[in-house]
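The numbering used here puts the first residue of the sequence shown at 62, with every later residue one more than the last.
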Amino acid sequence: MKGHYQKPNTWNWKKTVLVVLAVIIGLLAALIVGVVIYYNSMLNKMNQVKVPTIEYTEEATEATQAPTETSETTETTEATTEATEPHIPSSADYINFLVVGQAAREGEPEFFADTMLLFTLNTYEKTLTQTSILRDSFVQYPNYTDTNGKAHHGGRIKLTTIYHMGYLCTNTKADAMGLMNLTLYKNFGIEVDHNFEIDFDGFVDIINMLGGVDIELTQAEADYLNKYITYEECIPDKYEVKEGMNHLEGYAALTYARLRKAEGDNESDIKRTSRQQKMVSILLEKIRGLSLPELQNLANKVLPLITTSMDNAQITEYLLNYLPMLPELKLQSGGTCPAESWGDLVDIYGDGMQHSVLRFDENATKKAMRAITEGEVE
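Written as structure tokens, this is what we have:
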């Protein structure tokens, strides 16, 4: 009698391991795809515009170039100090982000740049320098070709108006940013790498999302805020500030950041920019202290309020390269631009009306700004 034949069991442990690995790899791939989709959906919440490329030439920086060493000196230096040669700053270390606080509200036709803050990231020294650009600077409106290829010719005008004039070219923020970038370069030697814009309502929303800010007020500042803050736009109960430390909600914080008419200010834009830099420092510290879920929640709400010239690929590259330095990033002030300025009254539009402007020393300003934004020193 023949024995019963039993088929050998070919399903061994090696196959089990392979199946488990395949499942794990499949799950990881699905997770990665999901993360990428979610990440891009987050970035797509921002309003992204393509800003005209500015050709930065030597024209604006001739006065700031350091003398060129002879080849003999260079060769000797390389031969004797190659091992201990200190880092030499170059433009590759610097990234310049221009943030414009735009004054128009929904339905308003004017897009003036009410606030301009330049943030310069020094990737080698791990510093972030904020420089306030004075909106009343009396600048040369340069010849400009907009995104439709149309040429525009300007004259002398206040810097705040440049943003609006750029917007009028094509009714797009791309040309508002493009003309502003060209103007900053031609007048101040600033090479803007990336642009961001947020309007007043967006600023108020961001302050409220962060739970308000704690800020120290002088008596003059407190008196002004108590006179001009609309209580209903801050918190339901009576809202009154005093000299010393105060907690400001969104609209009150905006009023503080735009303040230049408190007693003793003399309508000084420099006083206002110092308050704005103080506000930014507080906001950055608050954001730095948020947990990852809190950052994610904030980004969800804030990103739709922002317009930027950066695309998703650029943002991703920057996050991968520079986000790790955030805990040790040092925030510092670059003061104001122009570096040297003085007030004047000018009939800008030829209508007999005198307008207050700031004239400035162009060479001194270019030297100062090239040192801050590109590391060029004599």
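Think of the CB as a built atom: it goes at the ideal place given N, C-alpha and C, for glycine as much as any other residue.
Mapping the DSSP letters down to three states, classify residue i as helix, strand or coil.
i: Asn105; result: coil
i: Tyr205; result: strand
i: Thr233; result: coil
i: Ala127; result: Only weak support is given to the placement of Ala127: the predicted model assigns it a pLDDT of 38, under 50, and the question is left unresolved by the model.
i: Asp405; result: strand
i: Glu346; result: helix
i: Thr426; result: helix
i: Val363; result: helix
i: Asp254; result: coil
i: Glu323; result: According to the sequence provided, residue 323 is Ala. The question's Glu does not apply to it. In the structure shown, Ala323 sits in coil (DSSP, three-state: anything other than H, G, I, E or B).
i: Tyr155; result: strand
i: Asp330; result: helix
i: Pro297; result: Only weak support exists for where Pro297 lies, its pLDDT of 45 falling under 50; the coordinates are left without a value.
i: Thr221; result: helix
i: Lys391; result: strand
i: Asp260; result: strand
i: Thr114; result: coil
i: Thr188; result: strand
i: Glu439; result: coil
i: Thr434; result: helix
i: Gly239; result: helix
What does DSSP give as the partner residues of residue i in its beta bridges?
i: Glu277; result: Met306
i: Tyr317; result: Answer is none; Tyr317 lacks a bridge partner.
i: Ala174; result: Gln163
i: Ser193; result: Leu178, Thr397
i: Phe199; result: Lys219
i: Asn248; result: For Asn248, which the question treats as bridged, DSSP gives no partner whatsoever.
i: Ser417; result: Leu406
i: His213; result: Tyr205
i: Leu183; result: Note on residue identity: the sequence assigns Asn, not Leu, to residue 183. Paired residues: Tyr155, Thr188.
i: Thr368; result: Asn108, Glu258
Given a cut-off of 8 Å, decide if residue j and residue i are closer than it, judged by their beta-carbon atoms.
i: Asp154; j: Thr184; result: yes
i: Thr181; j: Ile433; result: yes
i: Glu277; j: Met306; result: yes
i: Gly250; j: Arg420; result: no
i: Thr377; j: Gln109; result: no
i: Ser151; j: Gly436; result: yes
i: Gly263; j: Leu309; result: no
i: Val363; j: Ile267; result: yes
i: Ile156; j: Asp254; result: yes
i: Val200; j: Leu179; result: no
i: Ile343; j: Ala313; result: no
i: Gly215; j: Tyr202; result: yes
i: Arg196; j: Ala174; result: yes
i: Ile367; j: Asn242; result: no
i: Asp408; j: Met414; result: yes
i: Val341; j: Gly311; result: no
i: Pro359; j: Met270; result: The sequence given here has Leu at residue 359, not Pro. Contact: yes.
i: Thr334; j: Thr397; result: yes
i: Pro365; j: Lys106; result: yes
Does residue i have its Cβ less than 8 Å from a Cβ in chain C?
i: Ala400; result: Here chain C cannot be found, since the structure has a single protein chain.
Label residue i either buried or exposed according to how many other C-beta atoms from any shown protein chain fall within 10 Å of its C-beta, with 16 as the threshold for buried.
i: Tyr410; result: exposed
i: Ala256; result: Reading the sequence as shown, one finds Asn at residue 256 and not Ala. With 16 or more other Cβ atoms within 10 Å, it is buried.
i: Pro388; result: exposed
i: Arg336; result: buried
i: Glu123; result: Bear in mind that a pLDDT of 49 at Glu123, under 50, signals an unreliable position, so the model cannot answer this.
i: Ala323; result: buried
i: Ser417; result: exposed
i: Ala429; result: buried
i: Ala400; result: buried
i: Asn248; result: buried
i: Gly350; result: exposed
i: Val438; result: exposed
i: Leu79; result: exposed
i: Tyr252; result: Residue 252 is actually Glu in this sequence, not Tyr. Buried, by the Cβ-count rule.
Could you tell me how far apart the beta carbons of residue i and residue j are, in whole angstroms, since I believe they sit closer than 8 Å?
i: Tyr117; j: Tyr246; result: 6 Å
i: Lys13; j: Arg321; result: Residue 13 lies beyond the stretch modelled for the chain, which goes from 62 to 439, so this question has no answer here.
i: Phe172; j: Ala237; result: 6 Å
i: Ser198; j: Ser394; result: Not a contact, Cβ separation roughly 18 Å.
i: Leu286; j: Thr316; result: 6 Å
i: Asn204; j: Thr231; result: Not confirmed; about 16 Å, so no contact.
i: Glu304; j: Gln280; result: 4 Å
Taking 7 Å as the cut-off, is the CB of residue i close to at least one heavy atom of the ligand ADP?
i: Met386; result: Questions concerning the ligand ADP fall outside what the structure shown contains, since it holds no ligand whatsoever.
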